[in-house]
Each structure stands twice: as C-alpha cells, then as structure tokens.
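Read the structure below first, then the notes.
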Amino acid sequence: MPPGHLCQVQGGHLAKALFSLESNFAPQIRDEMTLRASCRRRNSGQPLEDNKGERHMQRLLVDQQVITNIQMQDIAPVPLAKGQVRLRLDSFALTANNVTYAASGFAIGYWKFFPTGIMGQGQLPVWGTGEVIESQSDDAPIGTRLYGFYPAAETLVVTPRTTRSGTVEDRAAHRADLPAVYNRYIPITHSTPAQDHLRALLQPLLATSWLLADWLRDNACFGARQIIIGSASSKTGLGLCKFLAEDDAREVKIIGLTSETNKGFVEQFGACDAVLTYDEISNISQTPSVYVDMAGNSAVKHALHGHLAAELKHSAAVGISHWDKFAPKQDLPGVKPQFFFAPAQIAKRRTDWGPGVVEREITQAWQRLGETAGDWLDVTVHEGLEAMQDVYASLASGQANPRQGHIITL
Ligand SMILES: NC(=O)c1ccc[n+]([C@@H]2O[C@H](COP(=O)([O-])OP(=O)(O)OC[C@H]3O[C@@H](n4cnc5c(N)ncnc54)[C@H](OP(=O)(O)O)[C@@H]3O)[C@@H](O)[C@H]2O)c1
Numbered sequence: 001m002p003p004g005h006l007c008q009v010q011g012g013h014l015a016k017a018l019f020s021l022e023s024n025f026a027p028q029i030r031d032e033m034t035l036r037a038s039c040r041r042r043n044s045g046q047p048l049e050d051n052k053g054e055r056h057m058q059r060l061l062v063d064q065q066v067i068t069n070i071q072m073q074d075i076a077p078v079p080l081a082k083g084q085v086r087l088r089l090d091s092f093a094l095t096a097n098n099v100t101y102a103a104s105g106f107a108i109g110y111w112k113f114f115p116t117g118i119m120g121q122g123q124l125p126v127w128g129t130g131e132v133i134e135s136q137s138d139d140a141p142i143g144t145r146l147y148g149f150y151p152a153a154e155t156l157v158v159t160p161r162t163t164r165s166g167t168v169e170d171r172a173a174h175r176a177d178l179p180a181v182y183n184r185y186i187p188i189t190h191s192t193p194a195q196d197h198l199r200a201l202l203q204p205l206l207a208t209s210w211l212l213a214d215w216l217r218d219n220a221c222f223g224a225r226q227i228i229i230g231s232a233s234s235k236t237g238l239g240l241c242k243f244l245a246e247d248d249a250r251e252v253k254i255i256g257l258t259s260e261t262n263k264g265f266v267e268q269f270g271a272c273d274a275v276l277t278y279d280e281i282s283n284i285s286q287t288p289s290v291y292v293d294m295a296g297n298s299a300v301k302h303a304l305h306g307h308l309a310a311e312l313k314h315s316a317a318v319g320i321s322h323w324d325k326f327a328p329k330q331d332l333p334g335v336k337p338q339f340f341f342a343p344a345q346i347a348k349r350r351t352d353w354g355p356g357v358v359e360r361e362i363t364q365a366w367q368r369l370g371e372t373a374g375d376w377l378d379v380t381v382h383e384g385l386e387a388m389q390d391v392y393a394s395l396a397s398g399q400a401n402p403r404q405g406h407i408i409t410l
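Heads up, the sequence shown is in our numbering, so the first residue is 1 and it goes up one at a time.
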C-alpha cells in the first residue's frame with residue numbers, strides 16, 4: 001500500500017457512533033506541519049529527503065470515524081523551539097490495547113495526545129522507546145533514550161522537564177491537562193532491543209493487571225467467591241489471572257472467559273481455575289461474583305449480567321478489546337458497570353504506602369511475569385511503519401494470535 005493512500009482494513013466494522021462525546025473533542029489544533037503525500041518508501045531508519053533536500057518523517061494516520069481506515073503520510077518536521085527536543089522512535093508494541101485507544105479516542109481523549117492538525121485524522125498512541133536526535137533542552141541532550149507514550153510515527157517533539165524522581169515529563173501545553181501517567185517518560189540507560197520490546201509489550205498492560213488484582217484484594221473482592229475475567233486471552237487478562245493466582249491463600253476462584261479459538265491458550269497458561277467460552281456463560285456457577293471486563297462485548301455482558309443477576313456484586317469495565325461489539329449505553333440486569341480507573345488505585349496506594357512503593361510493586365510484578373514470557377509469548381518483530389498496517393488490521397479484526405506479541409522497529 002503506497003504511502004498517502006487510504007487503506008481499508010479487512011474485517012473491521014464501522015466505529016461510528018461508538019461514543020457520543022465526539023463533538024467535545026473535535027480537532028481544532030493546526031500545527032505547522034505540512035502534509036505531503038509521498039510514494040517513496042523507506043528502506044532504512046533514515047529520514048527521507050525530497051529533491052530540495054528537505055527532510056521528511058513518516059507517520060500513520062487513523063480515520064477517527066472509521067478506525068479501520070489507516071494511511072501512511074510523509075510530513076516535513078517542524079523546527080524545534082527553545083526547550084524542545086525531537087525523539088526518533090526506535091521500536092514500539094502493537095496490541096489490541098492500541099486499537100481500543102483509537103476506538104475510545106474521543107470518549108477517553110486519546111486523540112488529544114498527538115494532534116495531527118488534520119480534521120478527522122488521529123495519530124495512534126503506542127508504547128515504545130525513542131532516542132533524542134535533536135535537542136534544544138538541557139533536560140534531554142542528544143542520545144537520551146526515553147520509554148513512554150508515542151504516536152505511531154518516526155519522530156515526536158516534546159518539551160522535556162526532569163522530575164525529582166528522575167523521570168522526564170513532556171510539558172507541552174496541549175498535554176498539560178491530560179493524565180500524568182501518559183506524559184511521563186522513563187530514561188533508559190542500559191537496555192538491549194529485546195528488553196525494550198518486552199517492556200513495551202508488557203509494562204503498560206501488566207501494570208493495569210497488577211493494579212486490578214490489588215484493587216480487588218483491597219476491596220475484599222466485593223464479597224465474591226469467583227472473579228470472572230472477560231477477554232482472558234489478552235495480555236491484560238492473562239496478567240490479571242496470574243496476579244490473582246499468585247495469592248495462595250485466596251478464597252476466590254479465577255474464571256477465564258474467552259473465545260473458542262483462544263480457550264486452549266488460556267488453559268495452557270495455567271492461571272485460571274476454569275476457562276469457559278463466551279457461549280458457555282450459562283455454565284458459570286451462580287455464586288457471588290465480580291466481572292472484570294476487558295472485552296466490552298455487549299452481548300457477552302448482557303448474558304453474564306442476566307445469568308448472575310443479584311449474585312453479580314461488581315462489574316468492572318476495563319477495556320473494549322471487542323471494540324466492534326461494544327455498546328456505550330446498555331441496559332443491563334443487576335449492578336451497573338463501573339469504569340476501572342487505574343490512576344485512582346495508584347493514588348490510593350501512594351497514600352496508603354508512601355511515595356514510590358506502588359511504582360516498585362508494579363515494576364516487580366510485570367518483570368516477574370516477563371521472566372516467564374518465553375512460555376506464553378512469541379515476540380514478533382516487524383520492520384518499518386509500512387509493516388504495521390497488516391498487524392493493525394489483524395488486531396482490529398480480532399484475527400491476531402494471542403500468543404504473538406507484535407513489535408514494530410523503525
Ligand atoms: N483501562 C485500562 O487502563 C487498560 C489498560 C490496559 C489494557 N486495557 C484493555 O484491555 C484490553 C486487552 O488489551 P491487550 O492489549 O492486553 O490485548 P491483546 O493482548 O492484544 O489481546 C488480544 C485479545 O483480545 C481479544 N480481541 C481483540 N480484538 C478482538 C476483536 N476485534 N474481536 C474479538 N476479540 C478480540 C481476543 O481475546 P478473547 O478471545 O479472549 O476475547 C484476543 O486474544 C483492551 O481493550 C485494552 O484497552 C485497558
């Protein structure tokens with residue numbers, strides 16, 4: 001697919017009307033970047049030059065109304081202002097989480113992080129590691145490597161400021177009101193590409209898994225006898241199953257809920273007491289339960305709420321990996337689903353435990369699970385943003401193999 005051409009991803013559904021808050025986040029910012037279609041492909045990580053010797057950078061744009069429509073574009077980078085640096089992205093992970101960033105781009109505000117200046121087009125947020133290649137700031141000299149939240153693009157301009165804890169914050173005005181967790185970059189000093197890949201794949205997802213497990217314990221599992229995890233084959237789901245299972249003294253059963261094709265994989269992972277498919281909800285025991293929903297599938301949610309009725313003590317909405325089967329407003333039997341807000345649990349633990357402890361616990365947790373990754377995760381490395389288009393298509397259509405962890409290198 002040549003850059004500049006729209007690409008219709010197979011098997012996707014229209015994301016239109018997924019959320020009703022879109023008008024609140026209509027893109028208004030026009031940056032100075034000049035949009036240029038180009039049919040030249042990159043073969044290496046070097047920026048392209050046109051016949052005037054002008055440098056270009058490549059980025060992936062997502063149609064904000066039909067998120068399965070993506071296109072590659074070349075643009076001329078803006079000159080740096082004082083205090084800014086330009087990072088070149090080395091590698092990043094791509095999972096269902098990134099697709100759901102796009103699917104909830106307006107409702108949750110993910111389009112606000114990396115505005116494109118083009119009406120109706122957004123940049124897909126990803127987790128990865130980049131290196132400062134141009135600097136107008138003492139806080140991040142050339143060569144500084146930073147792990148964090150990037151757009152799926154070759155470069156990103158940030159306004160870095162080093163915090164007391166040693167992390168680097170982007171102080172760009174348009175990010176000031178966005179959740180701090182996404183604005184913070186971690187300096188990486190010694191790291192192999194394999195370590196960069198595993199961090200990008202696991203850290204953001206397993207941090208959420210651990211916080212969910214901690215929050216459930218903190219709330220005595222709402223009195224439940226079983227925790228049901230929707231989209232159990234996702235990395236976030238597997239992580240939650242595993243972190244719950246680590247507690248030998250637990251009194252709750254862990255029930256993984258997944259699709260037929262992924263049932264064997266979740267069983268093999270070995271952290272659930274039982275694994276059921278979405279068609280087997282009627283076999284779930286009608287005892288006090290909590291549903292932790294990574295799928296967001298409205299039919300599944302309806303069936304589960306109906307089956308458990310008053311036995312469902314809490315229903316937590318965490319993700320919409322089945323983004324094309326999600327209904328933002330749904331009348332459900334029983335308790336009303338509550339959005340799980342991970343930063344709130346972090347803030348609570350900072351108060352309970354003092355500064356730095358919850359962060360250390362999260363790091364240890366994802367690294368602990370990362371040590372066993374060879375048993376349940378095949379890291380697949382794809383070269384270049386062009387290669388990302390097929391990976392995005394397979395993730396958006398639910399075709400991706402949950403055992404695979406996709407990394408894009410630039
Ligand atoms: N709120 C938060 O803070 C937070 C943080 C991290 C992740 N999450 C959410 O957790 C979910 C999982 O993310 P992940 O990156 O861990 O996923 P992942 O590892 O890429 O998992 C992929 C799994 O998701 C399901 N799936 C994906 N796309 C689908 C589709 N179109 N149709 C049907 N099933 C599909 C399948 O699981 P099954 O067959 O088991 O359903 C698939 O095995 C996402 O919705 C993500 O946004 C939320």
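Ideal Cβ positions, reconstructed from N, Cα and C, are used throughout, including at glycine.
With respect to the C-alpha of Asp390, the residue from Val66, Arg88, Leu94 and Met57 having the closest C-alpha is Leu94. If you check the CB distance, Thr129 and Leu61 do not come in under 8 angstroms. The shortest CA-to-CA distance from Arg88 to any of Gln58, Ile108, Asn97 and Ile67 is the one to Gln58. Here the alpha carbon of Val292 sits roughly 7 angstroms from the alpha carbon of Ile227. Contact holds between the region 190-204 and the region 92-108, because three or more Cβ pairs, one in each stretch, are under 8 angstroms apart. Going by C-alpha positions, Tyr110 is about 30 angstroms away from Ala303. Taking 4 residues as the shortest admissible run, the region 217-284 contains the following complete alpha helix (DSSP H) segments, listed from N- to C-terminal end: 235-245 and 263-269.
In the three-state reduction of the DSSP assignment, Glu131 falls in the strand class, which pools E and B.
Pairing Tyr278 with Gln73, the inter-Cα distance amounts to about 39 angstroms. Straight across, the Cα-Cα distance linking Val157 with Pro141 is about 13 angstroms.
Where Met388 is concerned, the enclosing alpha helix (DSSP H) starts and stops at Leu385 to Ala396.
Shown here, His314 sits in a strand according to DSSP, grouped into three states. The region 272-288 makes contact with the region 253-264: 3 or more CB pairs, one atom from each, lie closer than 8 angstroms.
Between Leu205 and Thr236, the beta carbon gap of about 5 angstroms places them in contact (Cβ cut-off 8 angstroms). Between Trp127 and Phe149 a beta carbon distance of about 6 angstroms is seen, short of the 8 angstroms cut, so the two are scored as contacting.
Distances taken from the Cβ of Thr258 to the heavy atoms of ligand 1 include one shorter than 7 angstroms. Per DSSP, His406 is one residue of the beta strand (DSSP E) stretching across Gln404 to Thr409. Closest in C-alpha terms to Ala396, from the list Phe339, Leu377 and Ile320, comes Ile320. By the CB criterion at 8 angstroms, Ala224 and Lys313 fall inside the cutoff. Placement of the Cβ of Asp63 at a distance of 7 angstroms or more from every heavy atom of ligand 1 is found.
Counting along the chain, no alpha helix (DSSP H) covers Glu371, and no H or E run does either. For the set Leu216, Val318 and Ile133, the Cα lying nearest the Cα of Leu80 is the one of Ile133. Between Ser298 and His305, the C-beta gap is not smaller than 8 angstroms, which leaves the two residues out of contact.
At least one heavy atom of ligand 1 lies closer than 7 angstroms to the C-beta of Gly398. The DSSP-derived three-state label of Asn69 is strand. Under DSSP, Ser289 shares a beta bridge with Gln226 and Leu312.
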